[in-house]
Amino acid sequence: EVCGYCGACVSVCPEGALELIDAYLSVSDACINCGICARVCPLGALEVTNEERV
């Protein structure tokens, strides 16, 4: 699915790890993989994995 840039995920992130920049969703290292963003996305465009960032 494709992000509709509605900002729903940004507003619910407890860590403030998401930011909409133009037509791009930026996820910072502050992300704790809680999955709240994915649950509120009306388009199902987000998937949270427990993979470590390198």
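Heads up, the final residue of the sequence shown is numbered 103 in this note's numbering, and it's a clean run with no missing numbers. Beta carbons: idealized from backbone N, C-alpha and C, even for Gly.
- The alpha-carbon separation between Gly93 and Ala87 amounts to approximately 7 Å.
- Counted as a single uninterrupted DSSP element, the stretch harbouring Val51 is not any beta strand (DSSP E), since DSSP gives it neither H nor E.
- Residues of the same chain with a CB within less than 6 Å of the CB of Asn82, apart from the 5 flanking positions on each side, are Val97 and Asn99 in chain order.
- Looking from the CA of Gly53, the closest CA among Val61, Leu69 and Ala79 belongs to Leu69.
- Beyond the five residues adjoining it in sequence on each side, Ala79 comes within less than 8 Å, by CB distance, of Glu64, Gly65 and Ala66 in the same chain, given in chain order.
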